[in-house]
Amino acid sequence: DGGITQSPKYLFRKEGQNVTLSCEQNLNHDAMYWYRQDPGQGLRLIYYSQIVNDFQKGDIAEGYSVSREKKESFPLTVTSAQKNPTAFYLCASSLRGAYGYTFGSGTRLTVV
Amino acid sequence: GQQVMQIPQYQHVQEGEDFTTYCNSSTTLSNIQWYKQRPGGHPVFLIQLVKSGEVKKQKRLTFQFGEAKKNSSLHITATQTTDVGTYFCAGHGGATNKLIFGTGTLLAVQP
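Next comes the structure, spelled out in structure tokens:
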């Protein structure tokens, strides 16, 4: 079955550490996205990529970095520069920008 | 910047009652999408509307896209406990044509 796999499901990080969240899709989708969701809040766009080796900043890109070396993979690094990284991180993909998004099951990141 | 607001933020209904959530954009949208997120889960795509004034139905769910393509609504007839979750609208619009998510409406259904 096709889908998006995010790992790990839960992640604990010490302050000052960088962590990388994995996102892999086998849907052959061109576009991939990273969103952040805080408790009781909506989704805020961090980064998105519409094609391999190209990506754009979303609304809250500061303190985050991404890469898109393969069509299937879009990892997100949460750097120590991100002041409030504790959140639920969701990866999504779509066939092209104007189609419905398929979301992964998310990674809950907690800074301890 | 472009904003998409939803009302109400929260709705508590008795099972069997109807429910409606409204979505309003500050700019004209090229399309509107609706997603459902169960508690502790991830958003799941429900539907996309593209045409002005379009109405689509999925069983007990009715989706509308406004004539001006700046607002939308989701109506659930005779709610069930399985309808519990947060409903998000999302629209493409503006110069970048990014998908902007609404603020969401949390629906609680009491059996």
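First to last, the protein sequences are chains A and B. Numbered by my numbering, the letters in the first sequence go through residues 7 to 118 in order. Numbered by my numbering, the letters in the second sequence go through residues 12 to 122 in order. Cβ atoms here follow ideal geometry from the backbone N, Cα and C, with glycine treated the same way.
1) So with CB distances below 7 Å, who are the chain A contacts of K109 of chain B?
2) Is the segment 91-105 of chain A touching the segment 78-87 of chain B in the sense that three or more CB pairs, one from each, lie closer than 8 Å?
3) Apply the 10 Å Cβ neighbour rule to N42 of chain B and answer buried if 16 or more other Cβ atoms are within range, or exposed otherwise.
4) Give the single residue among B:T97, B:H86, B:T92, B:H103 whose Cα lies nearest to the Cα of Q43 of chain A.
5) Where does T83 of chain A fall in DSSP's three states?
6) In the DSSP output, which residue or residues are listed as bridge partners for N82 of chain B?
7) If you compare alpha carbons, which of A:Y107, A:R102, A:L96 is closest to G52 of chain B?
8) Measure from the alpha carbon of I58 of chain B to the alpha carbon of each residue in B:L117, B:D29, B:R49, B:K68, then state which is nearest.
9) Identify the contact partners of Y107 of chain A in chain B, using a Cβ-Cβ distance below 9 Å as the criterion.
10) By DSSP's criteria, I52 of chain A is part of a beta bridge. Which residues make up the other side?
11) On the three-state DSSP scale, how would you describe T90 of chain B?
12) Please say whether T116 of chain A and L6 of chain A have beta carbons closer to each other than 7 Å?
13) Measuring CA to CA, which of B:T114, B:A89, B:H103 is closest to F30 of chain B?
14) Cβ closer than 9 Å: which chain A residues qualify as neighbours of Q75 of chain B?
15) Whole angstroms are fine: how far does the CA of G22 of chain A sit from the CA of S100 of chain A?
16) According to the Cβ coordinates, are Q75 of chain B and S37 of chain B closer than 7 Å?
17) Mind checking whether P17 of chain B and T32 of chain B have CB atoms under 7 Å apart?
18) Distance check for G104 of chain B and R102 of chain A, CA to CA, integer angstroms please.
Reading from the atomic positions:
1) L51
2) Short answer: they don't touch.
3) buried
4) Looking at B:T97, B:H86, B:T92, B:H103, the one whose alpha-carbon comes closest to that of Q43 of chain A is B:T97.
5) strand
6) Bridge partners of N82 of chain B: B:N35.
7) Taking G52 of chain B as reference, the option from A:Y107, A:R102, A:L96 with the minimal CA-CA separation is A:L96.
8) Here the closest residue by C-alpha is B:K68.
9) Q44, Y46, P54, F56, A101, L110
10) Residue pairing from DSSP leaves I52 of chain A without any beta-bridge partner.
11) DSSP places T90 of chain B outside both helix and strand once states are collapsed to three, so it counts as coil.
12) There is no way to answer for residue 6 of chain A, as the model of chain A reaches only from 7 to 118.
13) B:A89
14) Those within 9 Å of Q75 of chain B in chain A number zero; the least Cβ separation is about 18 Å.
15) 33 Å
16) no
17) For the record, residue 17 of chain B in the displayed sequence is Gln; it is not Pro. In contact: Q17 of chain B and T32 of chain B (Cβ atoms closer than 7 Å).
18) So the two alpha carbons sit approximately 15 Å from each other.
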